Amino acid sequence: MMESSETKTGNARQERLSALASASGADLLDLWARLGIDPACEMVRGPETGLVALRGRMGGGGAPFNFGEATVTRATVRLENGAVGHAIALGRDRRKAKLIAILDALAQEPEMEVKIETEIVAPLKAAMAARDEKRRAETAATKVDFFTMVRGED
Amino acid sequence: MYVAVKGGEAAIRNAHRLLADRRRGDRSLPSLTLAQIAEQLSLACDRVMAEGSVYDRELAALAIKQARGDLIEAIFLLRAYRTTLPRFGYSVPIDTAAMHVERRVSATYKDLPGGQMLGPTFDYTHRLLDPSLGRDGDVEEPEIREGDDAKVMRVSDTLAQEGLIEDDGDVPGEEIGDITRTPMEFPMERDTRLQALARGDEGFLLALGYSTQRGYARTHPFVGEIRIGEVEVKLDVPELGFAVTLGRIQVTECQMVTQFAGSAKAPPQFTRGYGLVFGQSERKAMAMSLCDRALRASELGEDIVAPAQDQEFVISHSDNVQATGFVEHLKLPHYVDFLAELDLVRRMRGEHAARRDLQESMPEAAE
Amino acid sequence: MAAGAHIVEGGFADPVFASQSVFRAVMDAMARPGPVQAIDTDLRPPAPLNIAAAAVVLTLADADTPVWLGQDLARDDAVKGWLAFQTGAPLAGLPSEATFAIAANAAALPSLSSFALGTQEYPDRSTTLILQVETLTEGEALTLRGPGIKGSETVAPRPMPGHFDMQWRENNALYPRGIDIILAAPDAVACLPRTVRIGEGES
Numbered sequence: 004m005m006e007s008s009e010t011k012t013g014n015a016r017q018e019r020l021s022a023l024a025s026a027s028g029a030d031l032l033d034l035w036a037r038l039g040i041d042p043a044c045e046m047v048r049g050p051e052t053g054l055v056a057l058r059g060r061m062g063g064g065g066a067p068f069n070f071g072e073a074t075v076t077r078a079t080v081r082l083e084n085g086a087v088g089h090a091i092a093l094g095r096d097r098r099k100a101k102l103i104a105i106l107d108a109l110a111q112e113p114e115m116e117v118k119i120e121t122e123i124v125a126p127l128k129a130a131m132a133a134r135d136e137k138r139r140a141e142t143a144a145t146k147v148d149f150f151t152m153v154r155g156e157d
Numbered sequence: 007m008y009v010a011v012k013g014g015e016a017a018i019r020n021a022h023r024l025l026a027d028r029r030r031g032d033r034s035l036p037s038l039t040l041a042q043i044a045e046q047l048s049l050a051c052d053r054v055m056a057e058g059s060v061y062d063r064e065l066a067a068l069a070i071k072q073a074r075g076d077l078i079e080a081i082f083l084l085r086a087y088r089t090t091l092p093r094f095g096y097s098v099p100i101d102t103a104a105m106h107v108e109r110r111v112s113a114t115y116k117d118l119p120g121g122q123m124l125g126p127t128f129d130y131t132h133r134l135l136d137p138s139l140g141r142d143g144d145v146e147e148p149e150i151r152e153g154d155d156a157k158v159m160r161v162s163d164t165l166a167q168e169g170l171i172e173d174d175g176d177v178p179g180e181e182i183g184d185i186t187r188t189p190m191e192f193p194m195e196r197d198t199r200l201q202a203l204a205r206g207d208e209g210f211l212l213a214l215g216y217s218t219q220r221g222y223a224r225t226h227p228f229v230g231e232i233r234i235g236e237v238e239v240k241l242d243v244p245e246l247g248f249a250v251t252l253g254r255i256q257v258t259e260c261q262m263v264t265q266f267a268g269s270a271k272a273p274p275q276f277t278r279g280y281g282l283v284f285g286q287s288e289r290k291a292m293a294m295s296l297c298d299r300a301l302r303a304s305e306l307g308e309d310i311v312a313p314a315q316d317q318e319f320v321i322s323h324s325d326n327v328q329a330t331g332f333v334e335h336l337k338l339p340h341y342v343d344f345l346a347e348l349d350l351v352r353r354m355r356g357e358h359a360a361r362r363d364l365q366e367s368m369p370e371a372a373e
Numbered sequence: 043m044a045a046g047a048h049i050v051e052g053g054f055a056d057p058v059f060a061s062q063s064v065f066r067a068v069m070d071a072m073a074r075p076g077p078v079q080a081i082d083t084d085l086r087p088p089a090p091l092n093i094a095a096a097a098v099v100l101t102l103a104d105a106d107t108p109v110w111l112g113q114d115l116a117r118d119d120a121v122k123g124w125l126a127f128q129t130g131a132p133l134a135g136l137p138s139e140a141t142f143a144i145a146a147n148a149a150a151l152p153s154l155s156s157f158a159l160g161t162q163e164y165p166d167r168s169t170t171l172i173l174q175v176e177t178l179t180e181g182e183a184l185t186l187r188g189p190g191i192k193g194s195e196t197v198a199p200r201p202m203p204g205h206f207d208m209q210w211r212e213n214n215a216l217y218p219r220g221i222d223i224i225l226a227a228p229d230a231v232a233c234l235p236r237t238v239r240i241g242e243g244e245s
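Residue numbers (the working numbering), protein chains in the order written: chain S, 4 to 157; chain W, 7 to 373; chain F, 43 to 245.
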């Protein structure tokens, strides 16, 4: 059901789309503005907001169950050269979804892909890693170091 | 019989206008921004997201502002909003083992791999009101500790290595139930029970969980592990042909471990209750895991002796939007219903008086 | 990229209004079985999916409604990709798991009883079959009677599945369970809800 002619390039594209979706809309817009391009595009679908049912697993690793929903926004664009780009991200930021779809379409051209990777995706990933590292270090500072007390007998 | 009555339109309009005024309060004070609510009342937002069953922090903040801080009203608003949105699909199950952990504690093992990390907890505070918060003082940056990146292992995996604990949990069949799509039927499988509990009222589940500790379905639980942090949400996107990450959500997970004496089917071992809730919602996750375990009574061959073990009782009454709807509808006009009851009571009183008069007029008959 | 570009094309230009108008046509056709309802859309589905069948499935199907595809359609990656993008509906492996079924080839249709038939408690949990036909007016005339029909109505679809009369009587006998059929000619639909009786029988 999920076959696609694009699985060959799936990994790079998958990672890129994931990094872009995880970024904040403001950060993304900022980096995009620095790229200084504004390609004409046609909205094929969206941007539209809906829900994704979220699943967890009982006991952490057992049978799946639905435990709530989250808002998501998706978009599909087509550039003038015919390249089609998709986007879907948590939240209701329509501008972000459209921007990701445009980047997805642009990145289908190898030269542009390199530019997008180095000037947008890499900085976003670095910012995310720095944020994670800061939080990890803050959490680590609250780790309990146990001391064994001297026992009462002898 | 219903008699249609019209009226009150101007009263309702003016009441809404008055509500808007009272919600805003003193105009000489600045209005709260949604970002302020999301950042500084973040646990209220977490509760609204969890019981509203929609993960969207900004919407939760908006709902809280609109509801004047009435969280059940805010939850109602969020539930109403979700019905206007199409559902695009179902996420790949989140992987809580890969969580970016912000807090992890265990009451069963002191020295577990990854350690006890307290995180931003109210525990060990003295619950003394802090007058300095009434002023806008500076708040210190958190302390950091570098170079400590031990993997945070699951406590249940530690016990599982010895075979002392049951598996993570399974349900028969492949279909994953969804109470938002299919009417509830009892008995209910564990997947749909967990879904109902995850959106259930924190206070109700807390009271039920408490009741199991006080002896109504005694289970003697331990917190195997509580972990709070961010997990990635992934979705299989048909037009792409692969799963993409949509972003991260913060969740609280609780693994409650309970001693089990064994049955004809299973040897003595530890059994588990599971809690999984949006945001930092530790009390709710713990209450949920206690209720989950109690509701597994018939699966584990235990006698059903207490309310917390009764699926129909717990699940049918856990939803605070349903509960508030049914309780609060009582204040809506019931003029005709009541008129009928009034007639009935008058008639019964008449009959009652007539019987008494009859008895008094024939005293000899009573002897 | 060619296949990727293809699946995103040919959907409703204005999904809200287009699906509302198709929904109205299907609702009228279901409520008053027999009369043919025109389907006028700008859809360009990949063959062998016809326009009316595509319009109905785009209007009704979503991520919560498994769709089963008949032989000719299931073999076609363009059809599967197009439906996946346009509706988000998962594919049902078996007819009995389908909320909607689309068949382009009446001759290869499995028996009607192999679809989901609903339960006594939830008769609505049955399959709605979208059956593509070449015509609704030039085939063999079927006389319809039942709720929503004053006296009788006729519809003349072609081609129809083998032993359709007998299969439909069996479907009638399951009431309140049973499947409903939407007959989809390229530019129009007519419906056979489970309550409709076919033939010259008692009214």
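Glycine included, every Cβ here is placed at the ideal spot set by N, Cα and C.
As the structure is a prediction and not an experimental result, all values here were calculated from the model.
Proximal residues, the stretch 114-129 of chain F versus chain A, C-beta separation under 7 Å | No chain A appears in this structure, whose protein chains are S, W and F.
Unbroken alpha helix (DSSP H) run spanning H358 of chain W, endpoints | 341-367
Inter-residue Cα distance where the pair is Q261 of chain W and A149 of chain F = 55 Å
Give a yes or no on whether 8 Å exceeds the smallest Cβ distance from I49 of chain F to chain W.
-> yes
Between the beta-carbon of S304 of chain W and the beta-carbon of T258 of chain W, is there less than 8 Å?
-> no
Give the DSSP bridge partners of A230 of chain F, in chain order.
-> F:A80, F:A227
Reduced DSSP secondary structure (H/G/I, E/B, other) of S8 of chain S | With a pLDDT of only 40 at S8 of chain S, under 50, the local geometry of the prediction cannot be trusted, and no value is derived from it.
Looking at the C-beta of E105 of chain F, does it have a partner C-beta in chain W at a distance below 8 Å?
-> A small fix is needed here, since residue 105 of chain F is Ala in this sequence, not Glu. Closer than 8 Å: yes.
Could you tell me if the beta carbon of A73 of chain F falls within a distance shorter than 7 Å of some heavy atom in the ligand MN?
-> Inclusion of the ligand MN in the displayed structure is not the case, the ligand content being empty and no account of it being possible.
Report yes if the C-beta distance between A56 of chain S and R93 of chain W is below 8 Å; otherwise report no.
-> yes
With 8 Å as the limit, tell me which residues of the stretch 115-149 of chain S have their beta carbon closer than that to any beta carbon of chain W; keep them in chain order.
-> D135, K137, R138, R139, A140, E141, T142, A143, A144, T145, K146, V147, F149
From C233 of chain F to I224 of chain F, what distance separates their C-alpha atoms?
-> 5 Å
Look up F284 of chain W in the DSSP assignment and give the residues it is bridged to.
-> W:V257
Interface residues of chain F around F94 of chain W at Cβ under 8 Å?
-> A105, G130
Span of the alpha helix (DSSP H) holding L54 of chain S?
-> Here L54 of chain S belongs to no alpha helix (DSSP H); instead the beta strand (DSSP E) covers 44-60.
In chain S, which residues lie with their C-beta within 7 Å of the C-beta of Y280 of chain W?
-> M61, G62
Per-residue burial, F54 of chain F [other beta carbons within 10 Å of its own, 16 or more giving buried] | buried
Using a Cβ-Cβ cut-off of 8 Å (strictly less than) and excluding sequence neighbours within five positions of C51 of chain W, which residues of its own chain qualify?
-> I43, A44, R63, A66, A67, I70, G285
Skipping 5 residues on each side, what residues in its chain have a beta carbon closer than 6 Å to that of R81 of chain S?
-> E45, V47, V87
In angstroms, rounded to a whole number, what distance separates the CA positions of L127 of chain S and M159 of chain W?
-> 29 Å
Could you round the C-beta distance between Q209 of chain F and L154 of chain F to whole angstroms and report it? I think they count as a contact, below 8 Å.
-> 5 Å
C-beta contact flag for G94 of chain S and L91 of chain W at 8 Å = no
Kindly list the residues whose CB is nearer than 8 Å to the CB of N20 of chain W, restricted to its own chain and excluding five residues on each side of it in sequence; keep chain order.
-> none
Which residue from F:L151, F:Q162, F:R187 puts its Cα closest to that of L171 of chain F?
-> F:L151
Could you check how far apart the C-beta atoms of L23 of chain S and L106 of chain S are, in whole angstroms? I think they sit under 8 Å.
-> 6 Å
Can you tell me whether DSSP reads D455 of chain W as helix, strand or coil?
-> This structure does not reach residue 455 of chain W, given that chain W is present from 7 up to 373, and the question cannot be answered.
Report the residues of the stretch 40-73 of chain S with a CB closer than 8 Å to any CB of chain F, ordered along the chain.
-> V47, R48
Does any residue of chain F bring its CB to less than 8 Å from the CB of E79 of chain W?
-> no
Thinking C-alpha only, which one of F:A67, F:S63, F:P77 is nearest R187 of chain F?
-> F:P77
Below 7 Å CB to CB, which residues in the same chain sit around P87 of chain F once its five sequence neighbours on both sides are set aside?
-> G52, I93, A96, W124
Could you spell out the range, first to last residue, of the beta strand (DSSP E) harbouring Y96 of chain W?
-> 93-96
What is the DSSP secondary structure of G46 of chain F, counted as helix, strand or coil?
-> The predicted model places G46 of chain F with a pLDDT of 49, which falls under 50 and marks its position as unreliable; any figure quoted below should be read in that light. G46 of chain F: helix per DSSP, three-state reduction.
Which runs of the alpha helix (DSSP H), 4 residues or longer, sit entirely within the stretch 63-107 of chain F?
-> 93-102
Would V87 of chain S count as contacting chain F if we go by Cβ distances under 8 Å?
-> yes
Does L106 of chain S come within less than 8 Å of chain W when only Cβ atoms are used?
-> no
Partner residues on chain W for L31 of chain S, Cβ-Cβ distance less than 9 Å = Within 9 Å Cβ-Cβ: nothing; L31 of chain S doesn't reach chain W, min ~12 Å.
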